[in-house]
Every structure is written in C-alpha cells, then in structure tokens.
Amino acid sequence: AAAGALAALLPGQTQLEYALLDADTPQEKENLVYQYLKKMDGRERDLTVPELGADLQWLNTEGPISLHKDLCGKVVVLDFFTYCCINCLHLLPDLHALEHQFSDKDGFVIVGVHSAKFPNEKVLDNIKSAILRYNIVHPVVNDAEATLWHELEVSCWPTLVIVGPRGNMLFSLVGEGHREKLFLFTSITLKFYKERGQIKDNKIGIKLYRDSLPPSPLLFPGKVTVDDSGERLVIADTGHHRILVTRKSGQIIHTIGGPNSGRRDGRFSEAAFNSPQGVAIKNNIIYVADTENHLIRKIDLESEMVTTVAGVGIQGVDMEGGAKGEEQPISSPWDVVFGNSVSGTQEDDVLWIAMAGTHQVWALMLEGGKLPKGSDLKKGVCLRFAGSGNEENRNNAYPHKAGFAQPSGLSLASEEPWNCLFVVDSESSTVRTISLKDGAVKHLVGGERDPLNLFAFGDVDGAGINAKLQHPLGVTWDKKRKLLYVADSYNHKIKVVDPKLKNCATLAGTGEAGNVVGSSFTQSTFNEPGGLCVEENGRLMYVADTNNHQIKVLDLETRIISMLPILNPEACDVPDNLPVQKDKITNLPKLPKSAPNVQLPSLTVAPGQTIQFLLKLTLPPDAKLNEEAPNSWFITAEDNTWLLQGQCLSGEIKDVSSQTIIPFQLPRSCLSAEAILAVKACLYYCSKGSSACMMKGISFTQPLLITSTNQDSSTQVDLMHSFLTN
Numbered sequence: 057a058a059a060g061a062l063a064a065l066l067p068g069q070t071q072l073e074y075a076l077l078d079a080d081t082p083q084e085k086e087n088l089v090y091q092y093l094k095k096m097d098g099r100e101r102d103l104t105v106p107e108l109g110a111d112l113q114w115l116n117t118e119g120p121i122s123l124h125k126d127l128c129g130k131v132v133v134l135d136f137f138t139y140c141c142i143n144c145l146h147l148l149p150d151l152h153a154l155e156h157q158f159s160d161k162d163g164f165v166i167v168g169v170h171s172a173k174f175p176n177e178k179v180l181d182n183i184k185s186a187i188l189r190y191n192i193v194h195p196v197v198n199d200a201e202a203t204l205w206h207e208l209e210v211s212c213w214p215t216l217v218i219v220g221p222r223g224n225m226l227f228s229l230v231g232e233g234h235r236e237k238l239f240l241f242t243s244i245t246l247k248f249y250k251e252r253g254q255i256k257d258n259k260i261g262i263k264l265y266r267d268s269l270p271p272s273p274l275l276f277p278g279k280v281t282v283d284d285s286g287e288r289l290v291i292a293d294t295g296h297h298r299i300l301v302t303r304k305s306g307q308i309i310h311t312i313g314g315p316n317s318g319r320r321d322g323r324f325s326e327a328a329f330n331s332p333q334g335v336a337i338k339n340n341i342i343y344v345a346d347t348e349n350h351l352i353r354k355i356d357l358e359s360e361m362v363t364t365v366a367g368v369g370i371q372g373v374d375m376e377g378g379a380k381g382e383e384q385p386i387s388s389p390w391d392v393v394f395g396n397s398v399s400g401t402q403e404d405d406v407l408w409i410a411m412a413g414t415h416q417v418w419a420l421m422l423e424g425g426k427l428p429k430g431s432d433l434k435k436g437v438c439l440r441f442a443g444s445g446n447e448e449n450r451n452n453a454y455p456h457k458a459g460f461a462q463p464s465g466l467s468l469a470s471e472e473p474w475n476c477l478f479v480v481d482s483e484s485s486t487v488r489t490i491s492l493k494d495g496a497v498k499h500l501v502g503g504e505r506d507p508l509n510l511f512a513f514g515d516v517d518g519a520g521i522n523a524k525l526q527h528p529l530g531v532t533w534d535k536k537r538k539l540l541y542v543a544d545s546y547n548h549k550i551k552v553v554d555p556k557l558k559n560c561a562t563l564a565g566t567g568e569a570g571n572v573v574g575s576s577f578t579q580s581t582f583n584e585p586g587g588l589c590v591e592e593n594g595r596l597m598y599v600a601d602t603n604n605h606q607i608k609v610l611d612l613e614t615r616i617i618s619m620l621p622i623l624n625p626e627a628c629d630v631p632d633n634l635p636v637q638k639d640k641i642t643n644l645p646k647l648p649k650s651a652p653n654v655q656l657p658s659l660t661v662a663p664g665q666t667i668q669f670l671l672k673l674t675l676p677p678d679a680k681l682n683e684e685a686p687n688s689w690f691i692t693a694e695d696n697t698w699l700l701q702g703q704c705l706s707g708e709i710k711d712v713s714s715q716t717i718i719p720f721q722l723p724r725s726c727l728s729a730e731a732i733l734a735v736k737a738c739l740y741y742c743s744k745g746s747s748a749c750m751m752k753g754i755s756f757t758q759p760l761l762i763t764s765t766n767q768d769s770s771t772q773v774d775l776m777h778s779f780l781t782n
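Quick note: the sequence shown uses our numbering, first residue 57, plus one each step.
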C-alpha cells in the first residue's frame with residue numbers, strides 16, 4: 057500500500073492537526089495523538105514504507121541498513137533532504153535536539169534520505185562533505201535516483217515521515233518549522249508502541265564518517281576576503297567555527313573562536329561562532345555573517361573583542377525588519393559586503409547582507425542615512441532592502457517585488473556606469489544586479505525567464521540567459537579589469553562575467569571535482585568553491601576551495617595557481633625582536649657534511665615582497681620517508697639576521713610526493729641592498745628492502761638584490777633536488 061502512501065495519511069492527519077489547534081493543555085494534545093495512533097494501528101492494512109534498494113550507498117553506518125529488518129522495532133524519522141536547500145539546513149537543529157533526547161536504545165532512529173536536486177549533489181563524495189559540514193551524525197542513504205521519494209510521492213524538500221516499528225507510516229511533516237509537532241508525535245509514538253511491547257532497544261551500527269578523517273588546518277572554508285592593502289586575508293574557517301586573519305604568506309595573525317560551535321561575544325579566546333560564512337574587513341574592523349547562529353558579528357582587531365550587531369540568535373521569520381540590529385531577528389545570513397547609503401557623508405556606512413534564509417538582501421545601517429527609494433534611517437537599524445521573501449527568480453523595478461532564491465554571495469561595484477550590487481542567487485543558478493540608484497533588480501546571467509523555474513541550471517558558457525551555472529555561491533568584482541568573477545560551486549569552476557556584454561565564460565576548473573593545482577587555470581580542479589575575492593591591485597585572486605579545505609591563490613597575470621599554506625603561529629619560530637635569539641638558531645638541525653649546496657641565480661626583489669619557495673625533493677626509487685623522524689626545512693641568513701625578523705623559520709616536511717611551500721616575506725625596511733638567504737632541508741629515509749635509515753640534507757643558497765622599484769607582489773622559486781644514492 058505504498059503507492060501514493062503519503063497522500064493516504066493526509067485525511068486523518070489533517071483532522072488531527074485541526075483538533076490540536078483547539079487543544080489547550082499538553083495533556084489534551086497527547087491524548088489526541090494517542091487516539092490517532094490507536095486508529096492508525098488498528099487499520100486492516102498498514103501503510104507500509106517500501107524497502108530501500110540494497111545497492112544504495114550508506115554513510116555514517118557500518119554497512120547498508122534494511123528498513124524492515126534492521127529497523128524493525130524502531131520508531132524511525134525519514135528525513136528527505138538535499139544538502140543545498142536552506143530549508144533542509146534549518147531543520148537540522150530540530151533533528152539534533154531530537155537525537156539528543158532519544159537514541160537507538162530508546163527505540164528511535166533518524167535516517168536521512170538524500171534525494172538530490174542538482175546533478176552534482178548525487179555524487180557520494182559531495183554528500184560526505186555535506187554530512188561533515190553540517191555535523192550530521194545519523195545514518196544517511198544516497199537515494200540518487202530518488203526512488204523512495206517517487207514511490208512515496210514526496211513533493212518537496214524537506215519532508216519528514218515518521219514510521220512505526222513495523223515499517224508502518226504514521227505521520228508526515230512538510231517544510232521547516234514543525235519542531236513542537238515533531239517532538240510530540242515522536243514521543244507519543246514511542247510511548248504507544250512501548251506499551252504494546254513492539255519497541256526493541258538493539259544498537260544500530262553507527263560509524264561516523266568524520267572519525268575517519270585526518271585533521272586539517274582548514275575545514276570547509278566558506279568565504280575569504282582581503283583587506284585594502286592586500287597584506288591581510290580574512291578566512292571563514294566554517295567547519296572549525298572560527299575566523300582566521302592571516303598574512304599573505306598564510307601565517308596566522310589572529311584566531312577568533314573555534315574549534316567548537318557556540319554563541320558567545322567577548323575576547324578572541326572565548327568568542328564562539330556557528331558555521332560562519334561571509335566576511336568583510338575595513339581597517340581593523342571585520343563583520344561576519346554568523347550563519348547558523350542567525351547573527352551578524354563584529355570583530356575589532358585592536359581591542360581583540362567580538363560583539364553582536366544584528367540578530368537575536370534564533371532563526372527569524374520577519375521579512376521586513378526595521379528594528380535596531382541587536383533586537384532584529386534574521387535568518388541564515390550568508391554573505392556581507394560594505395556599501396554606501398544615498399545621502400551618507402561617510403564611506404562604507406552600510407553593510408549589505410545576503411539573507412539566504414528568507415531569500416532577500418538586507419541592510420544594516422552602520423551610520424544614519426538613506427537607502428535607494430527609502431526614507432531616513434537611524435544608525436544600527438537592520439532591514440530588508442530587496443526581495444519579497446518568496447523563493448523565486450523574479451526581476452522587478454521595485455526591489456520589494458523582486459524575488460530571490462537563496463542569495464549566497466554579494467559584491468559591490470560602486471563606480472559608474474555600474475553602481476550596483478552583484479548577487480549570486482544559488483537556487484536559481486543566476487547572477488543578478490540590484491541598482492544602487494533606484495533598487496531595480498535585473499538579470500545578468502544564468503537561469504531562465506520563468507521566475508518560478510528554479511531548475512534552469514547547467515554548465516554552459518555564453519551570454520545572458522544562454523549561460524548556465526549550477527548553484528553558484530560566491531562573487532567578486534575586479535575594479536581594475538571591470539570584470540566579475542563567480543564561484544560556480546556545483547560545477548567546480550571559477551567563471552568570469554563581463555557585465556557590459558553579459559558574457560559568462562570559464563576562467564578556471566575543468567568541471568570535475570578534484571584538487572589538482574595544474575600548470576594552467578583550465579587544467580586545475582576545485583571542489584565546490586564557495587567564496588572568492590580579488591586584491592585591490594587586481595593581481596591575485598583568493599578562492600575558498602571549500603570541499604578541498606584550502607584557500608587557492610590565482611595569479612591573474614601569470615595564470616599560475618598555488619595553494620595558500622596555513623601556518624600556525626605556534627608551528628613557527630618567529631623571532632620577536634632583533635637580533636634573532638641565539639637559542640632559536642642553535643635549535644635548528646645540523647646538516648650532514650655530505651649535504652650538497654645548490655647555488656641559485658640571484659633574485660631581484662623589493663621590500664615587503666613575498667617569495668614562495670617551492671621545495672620538491674625526490675627520494676631514491678626504493679626509499680621511503682621515515683615519517684616518525686623530524687623531517688624539516690629551515691631558513692638561515694648568516695650575516696643578514698635582519699631578514700629573519702617576524703618570519704616563520706622552520707617547518708615540517710610531511711610528504712615528499714607533493715611540494716612543500718615555504719613562504720618568506722621581505723621586511724618593509726631593508727638594511728642593505730644585497731643579502732643572502734639559505735633554505736635547508738633535512739630528511740630521514742629508509743630503503744624499503746632493509747631496516748637501514750639515513751639522514752640526508754640539502755642546502756639552497758639564494759642571493760637577493762633588493763631594489764626600491766615596485767616588483768610583482770609575489771614571486772616563486774623552485775627548489776628541486778633528487779637524492780640519488782642510499
């Protein structure tokens with residue numbers, strides 16, 4: 057009796073829900089649910105949930121689970137979800153709370169049934185990443201062809217189906233916001249079947265995917281931005297629930313929050329975020345879209361304090377706003393960018409917010425001022441600027457009548473003739489513009505003309521509506537070239553849009569998910585990149601390559617891609633003052649006398665410039681690195697210790713199969729026009745056939761010619777050596 061079975065639940069459940077509206081006390085409500093269950097349980101034939109295909113892939117479990125065998129005797133909540141959908145994400149806190157209250161010992165299990173919207177979401181590795189990102193700890197099955205979805209005639213994401221201990225369907229809940237009913241139905245169902253002796257307390261074999269992963273410095277970084285000087289990056293390390301401020305070299309200056317989620321203002325060491333996304337920096341102030349806390353946070357790098365400037369910490373349903381920031385509920389803010397009010401005297405007096413949760417674009421007034429087509433607003437007010445709140449791809453001359461579908465990235469082009477906000481609208485797979493003169497919302501690329509069709513996605517280069525994207529999440533404006541770059545997340549590409557011609561073309565990525573730092577942009581691969589930014593001078597683009605847990609650096613002039621190494625302050629011996637402490641130098645390993653010294657050609661550099669040394673060492677064919685030993689690189693400068701001021705002087709070599717990146721930044725003030733730097737490496741390796749291990753060393757001498765003329769902001773030097781004999 058499965059076909060159309062959800063529809064068969066409707067009449068009885070609708071009656072129950074009307075009765076619940078009239079019930080005054082919790083006791084009355086429980087009795088009503090109890091009577092409903094009695095009626096459902098006494099049916100001649102159960103509405104049985106069909107078995108899942110045995111060949112489907114499962115996550116977070118020791119193996120495939122059978123709904124009718126393994127989950128017999130359990131009350132099961134089936135969560136039909138797709139990981140891109142903001143409403144599905146809004147449901148997760150309810151499910152977490154439910155799991156906290158009831159476990160398999162109580163006879164309760166949640167099973168996520170992943171039923172993809174976008175083709176990219178059918179890929180198991182991408183679902184694995186989503187499970188980690190959203191901390192899902194229950195079993196999940198990848199129903200890629202949506203078999204169960206179709207058999208039950210599920211019609212939208214998210215849908216919950218509550219199933220009794222015989223696989224008998226009892227309730228369905230469509231959409232988000234049913235927490236009270238979910239808890240009521242689940243607890244009474246457990247009680248009802250316990251009394252009838254039908255609940256089993258056996259354990260379900262759970263094996264969390266997250267437990268099998270090695271630690272990494274970044275976890276699902278969602279967004280990245282660079283300050284006006286180009287010297288500091290701000291990274292939303294989303295999966296670690298923290299914000300990192302680093303130098304261009306990747307060296308961490310500040311760690312704010314993390315590694316666990318929470319909601320706390322205060323000093324950097326005690327502050328807590330929950331899956332932060334968008335970041336915007338001006339001077340020493342950073343604003344953060346603290347997505348899963350439903351807050352906008354402000355970080356002051358001088359006082360080292362975090363405060364809350366908008367949101368109340370729970371998901372808002374208000375579509376208009378207008379209250380003072382810290383009293384105004386908001387919903388899943390995904391990106392933030394500075395902008396200017398119409399009447400304001402100050403630069404950057406507005407913070408624009410991509411409010412993914414209500415499908416709108418909001419504004420937080422950092423000073424008093426006016427918005428396009430708006431009246432005077434006081435400082436601190438937070439309100440809707442564009443979007444009706446309906447999830448659609450609707451363009452309109454009136455901003456409040458336009459419709460967005462999960463806007464997830466913003467960028468501003470304040471100069472004429474643009475004077476607009478660029479918005480990536482992820483669920484309609486489009487890029488849109490909002491005029492900062494009159495608020496008119498227009499289409500730029502992607503999607504299609506029917507505002508209700510949110511399935512017009514693909515991977516097609518072209519102009520306007522002929523171009524196709526797939527769930528793009530990030531956008532950034534390149535002032536120098538007058539071009540727009542888009543993180544086309546589910547196509548694993550970076551695209552470039554010329555707003556004048558409405559032309560959209562692939563800049564980097566192959567369309568396949570991967571982590572290849574290739575010899576050219578189009579040979580390199582990404583994995584669901586979520587955010588990107590370009591430095592003021594237009595040279596470097598930084599990409600948050602989310603599912604690769606990395607920040608990639610794209611040099612827009614040389615077309616070279618590299619990876620930003622994230623260097624812990626504690627992993628670095630950073631001398632605090634001149635001269636470099638002697639004991640730091642004596643701690644460095646001594647190279648064996650046989651270590652060759654490679655003389656490199658001299659390099660012309662400028663003060664403040666970054667050199668990336670790319671160390672690539674090859675072992676003899678039958679040798680392997682002894683990973684227990686202290687394999688390391690280190691930098692020395694015998695007669696020029698002033699060069700070492702504030703540098704990271706040493707680091708580990710974990711793996712010789714890939715290159716080790718050693719960043720070095722010249723001091724802003726250099727004490728002489730010539731200097732010599734040495735980069736050394738010390739390796740311990742064993743030949744596979746014997747138990748003998750050896751220590752080998754190599755030294756590279758790099759003469760520097762320091763000129764005041766402006767060189768490229770960053771240069772790369774290859775350090776290559778093959779150890780031939782054992």
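Here a beta-carbon is modelled for each residue, glycine too, at the ideal position from N, C-alpha and C.
### Query
By how many angstroms is the C-alpha of Gly295 removed from the C-alpha of Phe276?
Between Phe276 and Gly295, the C-alpha separation is close to 5 Å.
### Closest Cα partner of Pro385 within the set Glu708, Asp391, Asp374, Arg505
When only C-alpha atoms are compared, the closest one is Asp374.
### Inter-residue Cα distance where the pair is Phe779 and Gly707
Distance between the alpha carbons of Phe779 and Gly707: 20 Å.
### Message
Can you tell me whether Leu62 is buried or exposed? The criterion is at least 16 other CB atoms within 10 Å of its CB, across all chains shown.
### Response
Counting the other CB atoms within 10 Å of its CB gives Leu62 a total of 16 or more, which places it among the buried residues.
### Task
Using only alpha-carbon positions, find the residue among Gln655, Pro221, Ala729 that is nearest to Leu775.
When only C-alpha atoms are compared, the closest one is Gln655.
### Buried versus exposed, by CB contacts within 10 Å (16 or more), Lys752
Per the 10 Å Cβ criterion, buried.
### Message
Quick check on DSSP: helix, strand or coil for Asn191?
### Response
DSSP places Asn191 in coil when its eight states are reduced to three.
### Task
Check whether the stretch 313-329 touches the stretch 340-358, counting contact only when three or more Cβ pairs, one atom from each stretch, lie closer than 8 Å.
Cβ pair count under 8 Å is three or more, so yes.
### Message
Contact defined as beta carbons within less than 8 Å: I believe Gly425 pairs with Met361. What is the distance between those atoms, to the nearest angstrom?
### Response
About 25 Å separates the two Cβ atoms, so there is no contact after all.
### Query
Which whole-angstrom value is the C-beta distance of Gly306 and Ile622, which I expect to be below 8 Å?
Indeed, because the Cβ distance is near 5 Å, the residues count as touching under 8 Å.
### Query
Name the DSSP beta bridge partners of Met375, please?
None, per the DSSP bridge assignment.
### Message
Once DSSP output is grouped into helix, strand and coil, what is the label at Gln83?
### Response
In the structure shown, the three-state DSSP call for Gln83 is helix.
### N-terminal and C-terminal residue of the beta strand (DSSP E) that Ala75 is part of
In the DSSP assignment, Ala75 falls outside any beta strand (DSSP E) and within the unbroken alpha helix (DSSP H) covering 61-78.
### Query
Where Asp293 and Gln606 are concerned, what is the direct C-alpha to C-alpha distance, given to the nearest angstrom?
Rounded to whole angstroms, Asp293 to Gln606 spans 10 Å at the Cα level.
### Query
Secondary structure at Tyr139, three-state DSSP: helix, strand or coil?
The DSSP-derived three-state label of Tyr139 is coil.
### Task
Just grab the DSSP bridge partners of Lys538 for me.
Beta bridge pairing from DSSP links Lys538 with no other residue.
### Query
Taking the beta strand (DSSP E) that Arg488 falls in, what are its first and last residues?
Unbroken beta strand (DSSP E) run through Arg488: 486-491.
### Message
Using a Cβ-Cβ cutoff of less than 6 Å, which residues in the same chain neighbour Glu236 once the five nearest sequence positions on both sides are dropped?
### Response
Scanning its chain for C-beta atoms nearer than 6 Å, with the 5 sequence neighbours on each side dropped, one finds no residue around Glu236.
### Message
Buried or exposed, going by whether 16 or more other CB atoms sit within 10 Å of the CB of Ala729?
### Response
By the 10 Å Cβ count, Ala729 comes out exposed.
### Task
Buried or exposed for Gly514, please, with buried defined as at least 16 other CB atoms from any protein chain shown within 10 angstroms of its CB.
So Gly514 counts as exposed.
### Query
Just how far apart, CA to CA, sit Thr771 and Gln668?
Straight-line Cα distance between these residues: approximately 6 Å.
### Query
If you count every other CB in all the chains shown that lies within 10 Å of the CB of Lys549, and 16 or more means buried, which is it?
Its Cβ being crowded by 16 or more others within 10 Å, Lys549 is buried.
### Query
Buried or exposed: where does Asp181 fall if 16 or more other Cβ atoms within 10 Å of its Cβ makes it buried?
So Asp181 counts as exposed.
### Message
With a threshold of 8 Å, are at least 3 pairs of Cβ atoms found where one atom belongs to the stretch 465-483 and the other to the stretch 426-439?
### Response
At 8 Å Cβ cutoff, the stretches do not touch.
### Task
Could you pull the start and end residues of the beta strand (DSSP E) that Ile709 belongs to?
Ile709 -> no beta strand (DSSP E), and no H or E assigned at all.
#### Entry: Contact the stretch 175-195 vs the stretch 229-243: 3+ CB pairs below 8 Å
Result no; under three Cβ-Cβ pairs closer than 8 Å.
### Limits of the alpha helix (DSSP H) - the one that Tyr343 falls within
That residue, Tyr343, is in no alpha helix (DSSP H); its beta strand (DSSP E) goes 341-346.
### Extent of the continuous alpha helix (DSSP H) run through Glu251
Per DSSP, Glu251 belongs to the alpha helix (DSSP H) from 235-251.
### Query
Going by beta carbon distance, what residues of the same chain come within less than 6 Å of Glu483, once the five residues before and after it are set aside?
So the list reads Ala461, Gln462, Leu510, once near-sequence residues are dropped.
### Query
Okay, do the stretch 376-394 and the stretch 115-128 touch, 3+ Cβ pairs below 8 Å being the bar?
The stretch 376-394 makes no contact with the stretch 115-128, as fewer than three CB pairs between them are under 8 Å.
### Query
Buried or exposed: Pro332, going by 16 or more other Cβ atoms within 10 Å of its Cβ?
Looking at its Cβ environment, which holds 16 or more other Cβ atoms inside 10 Å, Pro332 is buried.
### Task
Along the beta strand (DSSP E) that carries Leu500, what are the first and last residues, could you check?
Under the DSSP assignment, Leu500 falls in the beta strand (DSSP E) whose first and last residues are 497-502.
### Message
Using 8 Å for Cβ pairs, my map puts Ser658 next to Pro759. What's the rounded Cβ distance?
### Response
Sure, about 4 Å apart at Cβ, within 8 Å.
### Query
Considering only residues of the stretch 383-442, which uninterrupted beta strand (DSSP E) runs meet the minimum length of 3 residues and lie entirely inside it, listed in chain order?
Runs of the beta strand (DSSP E) inside the stretch 383-442: 389-395, 406-411, 416-421, 437-442.
### Query
Would you report the Cα separation of Leu226 and Asp267, rounded to the nearest angstrom?
Distance between the alpha carbons of Leu226 and Asp267 is about 34 Å.
### Task
List the whole-angstrom C-beta distance separating Gln701 from Ser769, where the pair is believed to meet the contact cut-off of C-beta under 8 Å.
Approximately 20 Å separates the beta-carbon atoms of Gln701 and Ser769; this is outside 8 Å, ruling out the contact.
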